[in-house]
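Numbering (my numbering), first residue to last: 2 to 419. No residue lacks a Cβ here, since even glycine has one placed at the ideal position from N, Cα and C. Note sheet for the following structure.
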């Protein structure tokens, strides 16, 4: 006798939302859009979300964006920033100065503009005072051109790029084991995401760390879910794998290479494939292709405090031939956890990363015994905690110093030359 399936009486019912998005402030921008913190208001209930605008695009790219959004909204993982979907608003409803600002976004221009020094960590404390709200009203006889906005979860915290720069302003770098911990969490995110999608825009700015020490991978806006979409050159050139610049056919291993570039940068302060300012897109591409042909100096031969096991892991991520790289991101995490971070039984956790960042924010002046206990893995051979990893010439090998001299005008070089 077959069992009867229970049917929900509301199956097939649909209704329109009454939600309103109110922009609070800008929290970042890239070559393709501006990122805003926004309040989602629904019948008096407020929630914080992030809206990322996408500059005016061709119909073909909009179709691709919708396909990718359908994939990325399905990703549910502790180390991935949740994407809720897309919103669309007629472009003409926005002020003209905003429209021009959005159209003028280019990654190269952003690189050449002086960057504002941001707060290390974002912490939202609510509005200080009420402010007037201007609601965009629908109008008749307007064009069909729409501004698309990706709706994402709001992560109170910072991104790895800002965290790195905040350290560099104090002439220090993140401890290697904490860099490894952040990277290992992103590897777990990629291990899960690669079942469905390729990210292809891995960079320090797309790796977030929240106020509780949880690392999260963000911005699947240029991710791809099918081979028919692989021909478009998207993402940041300096983090692209060699095969991305040579052929339209590649796979998830491009994300592994990009994460290796990020790891090398955080460990040594050297951005391996940064291009000189003022080059055209074609010149940048040629420059990076040439750099890909040069031998990469292992991190342990650049700085004398980087363990060999960690250095070997990075070099395998950076293999020019994708067949010589790790074949999936989970292998990287297993390697880091088993052979490095927890090889002695005790290593970093979300709580210990939070403890370190709290101490860092106080400029290493305020801390508790509980926080110090959580950071015991930073003890040196003398039994003292080595919280600050100073940028000094003595930390770099001769090979490392020679490599830094090849990059003219970098902050790292200026610090070491002073």
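Start and end residues, alpha helix (DSSP H) containing residue i
i	result
residue 353	351-362
residue 189	177-194
residue 343	Here residue 343 belongs to no alpha helix (DSSP H), and DSSP marks it neither H nor E.
residue 258	254-269
residue 293	282-293
Buried or exposed by the 16-neighbour rule on C-beta atoms within 10 Å, applied to residue i
i	result
residue 291	exposed
residue 160	buried
residue 217	buried
residue 176	buried
residue 250	exposed
residue 158	buried
residue 114	Residue placement at residue 114 is poorly supported in this model, since its pLDDT is 47, which falls under 50; the coordinates still yield a value, given next. So residue 114 counts as exposed.
residue 201	buried
residue 77	exposed
residue 15	exposed
residue 89	exposed
residue 256	buried
residue 117	The pLDDT assigned to residue 117 is 49, lower than 50, so where the model puts this residue is not dependable; a value taken from the coordinates is nonetheless given after this. When all chains shown are included, residue 117 counts as exposed.
residue 367	exposed
residue 80	buried
residue 60	exposed
residue 205	buried
Boundaries of the beta strand (DSSP E) in which residue i is found, first to last residue
i	result
residue 91	84-91
residue 160	158-160
residue 149	147-154
residue 216	216-218
Helix, strand or coil at residue i [DSSP, three-state]
i	result
residue 38	strand
residue 207	helix
residue 43	strand
residue 19	coil
residue 54	strand
residue 76	coil
residue 327	coil
residue 239	helix
residue 405	helix
residue 365	coil
residue 170	helix
residue 397	strand
residue 95	coil
residue 26	strand
residue 225	Because the pLDDT at residue 225 is just 45, under 50, the model does not fix this residue reliably, and the point stays unresolved.
residue 380	strand
residue 201	coil
residue 102	helix
residue 165	helix
residue 64	helix
residue 321	coil
residue 418	helix
residue 373	helix
residue 390	strand
residue 309	helix
8 angstroms Cβ shell around residue i - same chain, five flanking residues per side excluded
i	result
residue 386	373, 376, 377, 379 and 380
residue 413	169, 270, 271, 392 and 405
residue 26	37 and 38
residue 21	41, 42, 43 and 136
Close beta carbons around residue i, own chain, < 6 angstroms, minus the five adjacent residues each side
i	result
residue 355	213 and 214
residue 313	none
residue 254	323 and 326
residue 416	172 and 392
residue 47	40
Anticipated Cβ contact below 8 angstroms, residue i with residue j, distance rounded
i	j	result
residue 156	residue 82	6 angstroms
residue 150	residue 330	Incorrect: roughly 29 angstroms between the Cβ atoms, too far for contact.
residue 405	residue 271	7 angstroms
residue 203	residue 260	5 angstroms
residue 146	residue 210	Not quite, the Cβ-Cβ distance comes to about 37 angstroms (not below 8 angstroms), so this is no contact.
residue 263	residue 208	7 angstroms
residue 258	residue 319	6 angstroms
residue 195	residue 243	No, residue 195 and residue 243 are not in contact; Cβ-Cβ is about 19 angstroms, not under 8 angstroms.
residue 54	residue 87	That belief does not hold up - the Cβ atoms of residue 54 and residue 87 are roughly 11 angstroms apart, past 8 angstroms.
Spatial neighbours of residue i in its chain, beta-carbon cut-off 7 angstroms, leaving aside the 5 residues before and after
i	result
residue 73	84, 198, 221 and 224
residue 475	A query on residue 475 cannot be resolved here, the shown segment of the chain reaching from 2 to 419 and no further.
residue 246	286, 289 and 290
residue 181	311, 337, 341 and 342
residue 317	326 and 327
residue 226	Bear in mind that a pLDDT of 42 at residue 226, under 50, signals an unreliable position, so the number given afterwards is only what the model happens to contain. 68, 69, 72, 197 and 198, listed in sequence order.
Minimum Cβ-Cβ distance from residue i to chain B less than 8 angstroms
i	result
residue 42	As a matter of chain content, chain B is missing from the structure shown, which is built from one protein chain.
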